[in-house]
Structures are given as C-alpha cells and as structure tokens.
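2 protein chains.
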Amino acid sequence: MPTSKKPLDRRVRRTRRLLGEALLELILTQDYDSISITDITNQADLNRATFYLHFGSKEELLMATLEERFDELVQEMEAQNDDQPFWHDWTSDRLIFEHVAEHATMYRVLIGEGGVGYVAHRIISYIAEVVAAEIRAEKPTAVEEAIPIDLIAQHVAGSTYALLCWWLQEDMPYTPLEMAQMAQKMCFHGTMWALMEMQVINEPLEIYLEK
Amino acid sequence: MPTSKKPLDRRVRRTRRLLGEALLELILTQDYDSISITDITNQADLNRATFYLHFGSKEELLMATLEERFDELVQEMEAQNDDQPFWHDWTSDRLIFEHVAEHATMYRVLIGEGGVGYVAHRIISYIAEVVAAEIRAEKPTAVEEAIPIDLIAQHVAGSTYALLCWWLQEDMPYTPLEMAQMAQKMCFHGTMWALMEMQVINEPLEIYLEK
DNA sequence: GTTTTAATCAACAGTGTGTTGATAAATAAA
DNA sequence: TTTATTTATCAACACACTGTTGATTAAAAC
C-alpha cells in the first residue's frame, strides 16, 4: 500500500534522499554487511550524526528507500488501465519482474550472502528443495509439466513462508491444521494446473487419481 | 534437502551444538541485532576465538542451526507414510505449522524488527497489501471467499517473492513476461478456487466473467 | 601410546557505535 | 522582510566488538 505523506522540510527530503542514494550506491560495490553508517554518511557527504536524526539503523534506511521504489512501481501499475479481466492479465506481474530486472544488481545483493534477505531466501530455498523432491517422487511420470518443477517448488515454498510469517505475526489465529488445509488448497489447485495444462480444469478432480 | 554428513570430532559436534543452543537462547531474551559473537560465546561458555574456528558470522551459525531443525522436521515428514493422495493430504504442511508453533518465540524474533528475516518479511507484506487491495477492488462483491483475502494475498505475495529471488539467482533465464505469465498462472488458479469454493473447478472458466 | 586435532588464553590494533552540547545555516511562518 | 523554528554540522567522548595472532594445554582418534 503506497505511503502518502505530508510535505517535509526540504532539508529533510534532501538528506533522506542522499542517504538512500548513498546506500544503494554502496550496495553495488561492497558487501551489505560491511557497509557502516560511517560509510553511508561519507558517501552521502553528510555528517554522521545527521544519519541518526532520521534513521535508527541501516535496515531502517534500506526499508524506507526500497518502499519509495515500490511506491513508484505501484503507481506505474495503477496507471495501467487494463481492460483485460484480471486473471488473464499479467501486466502487473510483468512490471514487477521488469522492475527487478532493471535493478537486478541491487536486488541480487539483497538476497546474496551477507545481504538482508539472505536468510529468508535460504529458508525458502530449503523448503523448495523438499517440495521439488516430493513432486518428482509423486508425480505421474507420464505427465509433462507446463511449468518447470523448480519454479513450481519456489511458488509453493514462497507461499508457505509468507503464510507462516503472517500466522506468527497475527498470533496464530488458526490451528496448524486449518492453516495447513488452507495453504494446501491455495497451492494445490495452482500447481496441479501448472503440471497438467489448463484444460483439465474442466474435468473432475478424480482424473488426477490414476498415476 | 536434508544434509547428510560424516561423523565429526566429538569436540566439534559439542562446540557447534553449544554455540547453536546459546544463540537460540539469546534470541529469546534480546534483540537479534544486539547479540554479539562475544555474547554467544559467553552464553555457551566457550572462548571467543573458538567461534571463528567454526563459523564466520552470526548468520552462518544461525543458518546451520536452523537447517538442523529443518532436517529433523523433514525426517518427521518422511516418517509419515500417508496413504492419502498428496493433494488431499495436509500432513506435511500441518507438521510445518506445528513445528513453527512449537518454536514460535524464536521464529517471531527472526521476522521481527532487527531480525534476519525482517526485511524480506516487510517486502512480502508490502506486496500482500497491494494484492489484497487489488482483490478487494476487482472481486465480485457477491462472492463469499472460502479463505480470508488477507491470507490469499500473503499466498500470492510469498509466491511472487520466491519466484523473483529464484529468477535473480538463476540469472533471469526467462523474460519478465514469461515469468509474469507463469507466476500469474500458478497463483490465479489457486486463489480463484479459494475465492469461489471448490465445485467451480468443474465449470468452464468463463463463469468467472460475470461480475 | 602416539599422533593428530581442537579449545584455550591474553593480547593486539583497529573500527564502528550512539550520544553529547554548542554553533551555524537553512527553511517555514508571520 | 523579519522572526521563529527547525535542521545540519562539528568535535569529542567512552565504550564495545572485531578478527586474528602464537603459544599452550587438553582431548580425541588411530
């Protein structure tokens, strides 16, 4: 959800912009972990104390900066008045992937070793490996998948991870079983389709039974 | 994929176990960010230099420790010989959610402010907010969803995030449009089902058209 | 019982931290 | 334009953590 703010003091805007730019520039040249507040303020040509007037940590600055970029992206997405029904419309997704491709170097750093997204990425990849192995073990071999199994596994793993985080943050409002059922339902009917091509959606579910 | 290792020197096993336990204990009592190597080795009653004989950073230790837990979980999952067809079977998912519930305090820290998973979590939540808004705007209001929209949004956001990471790591082997189409396909047929209840899967897709 | 490997200890120089109070400069409000 | 408010600067501070060193002791493997 795009953040809407009141106009701030011009110096504040300038300083925050400079800090954000400095961080993104540094990210391209050195390990994220190794970047210090001192580095950032040096790069931005600002006093180190100034940093603490605006942000409490590197991560806070990074989040604020990323969210600005995201907001721009969302505006682009909203500008697209797609007359297509939304389930035939991949414009939004395409814009996201294009955006990431545009800033690939930066995003790659974020999920790389020492990056802020590294641990989450590793966890998701771990889940994905398990899922991929499961699919390969249980899938009827004759079926040719429309989407590579590794991608399907990432899809499932990402979904699972996000649901887990949501569940934790919301203080576990459902039982594990309920969550498992909902996760399973949401994922399955997507991945099954991906495995078997679209037409089967018109057939009863039981056709999947014969392996 | 569970990691299988050769038997190590007993001292090595003991040290790594102690370090892992120390980190997990500390995580429950203080901000992850604020935990230093010194803290960890103090808690584990080991010399600080010993840490560096095994791990290069806090994150490395954390990942190794988490993966051990995951491996245990996967073993549990494999032990379940489920005769159910896997698309009616939520045992694996349930085990995951139960595992997280069991260690909720720790996992909550990991995705909280200052935690290693914080930024990824925030990014996913940002995407989820956009998705939720989109669904609410475009969904036929008469339809009563089988799964809360917020959960559906998390599902889609997590999937998108994971696919983005995979795509980056694999050096973008598909075009943005191809990725968007696959992401869209995998997600849509899951979330649509979630919105409309299962029986519609037997109907042609076009019934979704009339809003 | 011998050899190999691991943990300990103290010490090191270096770097980054977060905060301080006073000062100067830029901006907003009148 | 003038006045009042807010922001950035600077230097300095005490402190904690880092990552690595070489020599020593202890434990485990063979």
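So the protein sequences, as listed, match chains L and C. Using my numbering, you'd call the opening residue of the first sequence number 1 and step up by one each time. Using my numbering, you'd call the opening residue of the second sequence number 1 and step up by one each time. All C-beta atoms, glycine included, are put in the ideal place defined by N, C-alpha and C. Small disclaimer: the values here were computed from a predicted structure and weren't measured.
Short of 7 Å from the beta carbon of residue 150 (chain C), and not among the five residues preceding or following it, lie these beta carbons of its own chain, in chain order: 132. Pairing residue 125 (chain L) with residue 38 (chain C), the inter-Cα distance amounts to about 30 Å. Secondary structure of residue 174 (chain C) (DSSP, three-state): coil.
Separation of residue 26 (chain C) and residue 108 (chain C) (C-alpha to C-alpha, rounded to the nearest whole angstrom) is 14 Å. Shown here, residue 113 (chain C) sits in coil according to DSSP, grouped into three states, outside any helix or strand.
Residue nearest to residue 156 (chain L) within the set L:146, L:176, L:135 and L:69 is L:135 (criterion: CA-CA distance). Just measuring C-alpha positions, the residue of C:179, C:187 and C:13 sitting nearest residue 101 (chain L) is C:179. Counting only the Cα atoms, residue 165 (chain C) lies some 10 Å from residue 171 (chain C). Going by beta carbons, residue 117 (chain L) and residue 162 (chain C) fall outside the 8 Å limit. Closest in alpha carbon position to residue 31 (chain L), among L:110, L:47 and L:55, is L:110.
Residue burial is scored here from C-beta neighbours: residue 176 (chain C) has at least 16 other C-beta atoms within 10 angstroms and is therefore classed as buried.
Residue 125 (chain L) carries a helical assignment under DSSP once its states are collapsed to helix, strand and coil.
Shown here, residue 145 (chain L) sits in coil according to DSSP, grouped into three states, outside any helix or strand. For residue 74 (chain L), the number of other beta carbons within 10 angstroms of its own is at least 16, and it is reported as buried. For the options C:145, C:184 and C:174, the alpha carbon positioned closest to that of residue 182 (chain L) is the one of C:145. At the C-beta level, residue 20 (chain L) and residue 49 (chain L) stay beyond 8 Å of one another. The three-state reading of DSSP puts residue 90 (chain L) in coil, since its state is none of H, G, I, E or B. Under the three-state reduction of DSSP output, residue 34 (chain C) falls in the coil class, being neither helix nor strand. At a cut-off of 8 Å, the C-beta of residue 20 (chain C) has no neighbouring C-beta in chain L. In this structure, the straight-line span from the alpha carbon of residue 122 (chain C) to that of residue 123 (chain L) is close to 16 Å. Not a single C-beta of chain L is nearer than 8 Å to the C-beta of residue 32 (chain C).
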